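Numbering (our numbering), first residue to last: 4 to 682. As structure tokens, the structure follows; a few thoughts come after it.
Right, here's the structure in full:
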């Protein structure tokens with residue numbers, strides 16, 4: 004985006020300052036109650052603070068130990084809040100930049116009495132406005148008349164202008180963008196406060212993000228574990244009194260905080276917000292965290308052929324002459340018929356004739372030529388020049404043209420047409436007067452690296468299906484070349500819907516992209532529907548993600564980001580629960596070893612004494628949250644692999660690591676605090 008295209012580092016000073024302030028503001032109990040684990044830690048911190056003040060007033064307790072425990076408990080809460088605030092900070096910075104793009108502009112309202120100037124804030128859905136070159140588009144809408152070049156850098160960050168025109172799938176315009184050329188008439192589709200920019204601002208501000216079902220389920224699990232450990236710790240106090248072990252509330256609160264899953268409890272919200280932020284960095288807006296998670300669980304990926312798998316414009320690849328016709332004669336006629344043709348296919352024919360046969364483009368104005376434009380009725384185009392009637396078009400159209408002139412299409416030409424169609428190409432037959440000269444082979448060019456990307460998706464267990472309006476022969480050839488798993492040929496909107504429903508009926512999650520009004524039903528039905536920003540308003544409203552770059556291949560990155568989010572949450576949950584084991588071995592032996600010397604056998608870290616053991620575990624518990632903030636924000640590095648391999652890697656790296664790291668960390672902290680006489 005224009006103001007946010009430059010990626011900020013994770014610990015950008017501006018974001019850190021803002022997050023530090025926000026971390027304090029989040030201490031409000033109303034905010035903390037949304038996170039049950041950290042709310043328990045805050046209650047424990049308040050309890051130890053009150054007892055510290057009471058003990059200080061009555062000259063009881065162990066002041067140096069008690070104040071350290073109290074401070075580190077507060078640090079644990081603040082560090083968790085800081086992690087969440089850091090994740091939100093990047094979104095808030097982006098939201099601030101987007102607000103700069105919102106400004107009061109003049110709208111030229113088209114009414115019965117002509118054009119009237121009004122402030123853009125007074126526009127309502129259904130109003131019609133006229134926008135000329137140099138003016139800002141006053142609100143979201145659809146172009147209903149005209150075509151213009153539009154600067155959308157305020158939204159996408161891309162400086163290259165885009166074309167917006169009435170009709171078709173590139174009619175949607177966004178308020179706050181600028182018309183660079185020509186005049187367009189726009190029907191406004193949103194009311195003030197409901198514009199695309201308003202929705203973008205709300206979406207990138209992490210504080211407004213709703214918890215996903217997976218997060219809610221994990222929060223319930225963490226709350227359950229917290230209650231279990233709370234009951235266990237509460238029962239320890241009577242046991243301590245019975246056994247004669249002198250345990251204080253400070254030690255019991257420390258034990259509770261160290262045993263409940265504070266690591267994942269403190270980072271869970273930050274992980275979700277950071278996942279949404281990574282999408283924003285790729286210029287994709289998700290309407291909910293549920294959509295991001297669904298992307299990570301996708302089983303089936305539907306991709307349009309044109310513009311996604313192929314470059315989007317067919318390119319002339321060869322000239323196949325008819326018998327007794329030289330390749331040069333076919334190339335000359337093909338180039339002449341294509342000189343006035345401004346389509347990408349037409350230009351590619353001109354270029355191929357020039358590169359392969361040295362035929363340079365000629366000026367039609369100097370040749371007194373008459374161009375015959377393409378029409379849906381004739382399905383061919385051509386040129387009349389120097390007594391030559393040249394036609395270029397579909398095989399059946401040229402065949403009829405030749406019959407009208409008392410000629411037939413040679414069998415060799417029909418054979419060439421069939422061979423090109425079987426190979427996945429599009430044949431165009433060229434005829435001059437009453438003679439067929441040969442065939443132009445137009446080829447859909449598969450984008451580089453697509454086969455490798457589909458192999459990666461296959462390794463992740465994702466099935467890819469190419470959607471195309473081509474005939475089955477052509478579709479099969481392109482599917483083979485691209486490496487997709489399956490294809491749907493001659494696809495109509497209903498066919499897409501039926502395919503999605505069939506996949507979902509088998510328990511699979513489906514993702515697809517689209518940009519047209521005819522894609523809207525399928526986008527709404529898909530679990531992950533990515534609408535192109537350049538597409539129609541209907542498509543953008545139907546999908547649960549909007550790609551600001553309008554790049555259909557972005558769907559592959561979206562799936563990777565979704566999987567990275569799920570991997571990060573799973574990895575840090577595994578690490579959090581695992582490191583509780585090490586903290587258990589640090590605190591429990593220290594609490595009761597004085598009364599039950601046999602428990603010293605569990606003191607495998609050989610910590611200095613009970614006081615240093617408890618304090619070391621509490622300090623480690625706070626610092627590990629800070630240490631894991633970069634991982635929570637960046638995400639666990641994603642590698643395409645099967646679910647079984649991913650689980651094995653998770654358990655090995657984060658499960659085993661979650662046990663080993665606390666043993667090392669607590670022991671080092673114990674040595675340091677003893678050396679500097681803090682315990």
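No residue lacks a Cβ here, since even glycine has one placed at the ideal position from N, Cα and C. Here the structure is a predicted model, which is why all the values come from computation and not from measurement.
Under the 10 Å beta carbon count, residue 645 is surrounded by fewer than 16 other beta carbons and is classified as exposed. Per the DSSP secondary-structure output, residue 318 pairs in a beta bridge with 446. Cβ atoms of residue 80 and residue 110 stay farther apart than 8 Å, at about 49 Å. Residue 391 has 388 as its beta-bridge partners, per DSSP. One thing to note: residue 441 has its Cβ within 8 Å of the Cβ of residue 328.
Closest in C-alpha terms to residue 272, from the list 575, 664 and 136, comes 575. Within 10 angstroms of the beta-carbon of residue 370 lie fewer than 16 other beta-carbons, which makes it exposed. Contact between residue 564 and residue 282 holds: CB atoms are separated by about 6 Å, below the 8 Å threshold.
A straight-line Cα-Cα distance of about 23 Å links residue 535 and residue 346. By the Cβ rule, the stretch 492-507 does not count as touching the stretch 537-551, because fewer than three pairs are nearer than 8 Å. Sequence-distant partners of residue 150 (beyond 5 residues in either direction) whose C-beta falls short of 8 Å from its own C-beta, in its chain, are 166, 167, 168, 169, 185 and 187. Under DSSP, residue 181 forms a beta bridge with 139 and 154. The stretch 416-432 and the stretch 451-464 do not touch, with fewer than 3 CB-CB distances between them shorter than 8 Å. Bridge pairing for residue 489: 468 [DSSP]. The alpha-carbon of residue 548 is positioned some 7 Å away from that of residue 287.
In the DSSP assignment, residue 360 falls within the alpha helix (DSSP H) that extends over 347-360. Contiguous beta strand (DSSP E) elements confined to the stretch 529-575 occur at 531-535 and 548-550, taking only those with 3 or more residues. When only Cα atoms are considered, residue 128 and residue 182 end up about 20 Å apart. Between residue 468 and residue 301, the C-beta spacing is not below 8 Å. By the 16-neighbour rule on beta-carbons within 10 angstroms, residue 116 is exposed. Residue 33 sits exposed, since fewer than 16 C-beta atoms from the chains shown fall within 10 Å of its C-beta. By the Cβ neighbour-count rule, residue 363 is exposed, with fewer than 16 other Cβ atoms within 10 Å of its own.
Residue 615 holds the alpha-carbon nearest to the alpha-carbon of residue 679 among 344, 615, 374 and 255.
Cβ-Cβ distances below 8 Å link residue 436 to 391, 392 and 408 in the same chain, with the five nearest sequence neighbours on each side left out; the list follows chain order. By the C-beta criterion, the stretch 617-628 is judged not to be in contact with the stretch 645-662, since fewer than 3 inter-stretch pairs fall below 8 Å. Membership of residue 614 in the alpha helix (DSSP H) is indicated by the continuous run 613-637. A residue is called buried once 16 or more other Cβ atoms fall within 10 Å of its Cβ, and residue 517 is buried on that count. Counted as a single uninterrupted DSSP element, the alpha helix (DSSP H) harbouring residue 297 occupies residues 292-299.
Taking the Cα of residue 76 as reference, the smallest distance to any Cα among 64, 88, 95 and 48 is reached at 48. For residue 305, no alpha helix (DSSP H) encloses it; the enclosing beta strand (DSSP E) starts and ends at 303-307. Short of 7 Å from the beta carbon of residue 86, and not among the five residues preceding or following it, lie these beta carbons of its own chain, in chain order: 269, 270, 273, 628, 632 and 635.
Where residue 517 is concerned, the enclosing beta strand (DSSP E) starts and stops at 513-517. Under a 10 Å Cβ-count criterion, residue 510 is classified as exposed, with fewer than 16 other Cβ atoms of the shown protein chains found around its own Cβ. Going by C-alpha positions, residue 344 is about 15 Å away from residue 443. Non-local beta-carbon contacts of residue 323 in its own chain, meaning distances under 7 Å to residues more than five positions away in sequence, involve 419, 441, 442 and 444 in chain order. Measuring C-alpha to C-alpha distances from residue 567 to each of 579, 463 and 524 identifies 463 as the nearest.
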